[in-house]
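Using our numbering, read the sequence shown as starting at 17 and increasing by one per residue. Beneath this line is the structure, given in structure tokens, with notes to follow.
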Amino acid sequence: MPLQDLVFGASVYFPPLFKAVLLGFFIWLFLHRQLRDWMYAGDIWHPLLMDLSLFALSVCLALVLLIAW
């Protein structure tokens with residue numbers, strides 16, 4: 017099997033979940049930057065859990081955007 021076929025096959029089957037995680041990461045970076053001061057000011061009981069929840073919601077939003085597009 018030539019290398020060109022392998023490269024083409026890898027680009028065709030790129031798991032959609034990984035695309036959602038990658039896009040969600042950039043959405044999370046933007047949201048985290050906007051909400052960082054508020055989250056770590058003491059208003060939130062557990063900022064790390066809030067951060068993880070925000071990341072999970074960002075990945076879900078990215079998956080919805082990929083499906084709609």
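For glycine and all other residues, C-beta sits at the position ideal for the given N, C-alpha and C.
CB of residue i within 7 Å of CB of residue j, strictly
i	j	result
Ile86	Ala72	Outside the displayed span of the chain (17 to 85) sits residue 86, for which this structure offers no information.
Lys35	Leu82	yes
Gly40	Val80	no
Leu70	Leu33	no
First through last residue of the alpha helix (DSSP H) which encompasses residue i
i	result
Gly40	Pro32 to Trp54
Helix, strand or coil at residue i [DSSP, three-state]
i	result
Ile60	coil
Residue i CB to nearest heavy atom of the ligand SAM below 6 Å
i	result
Leu45	Ligands displayed in this structure: none; no statement on the ligand SAM is therefore possible.
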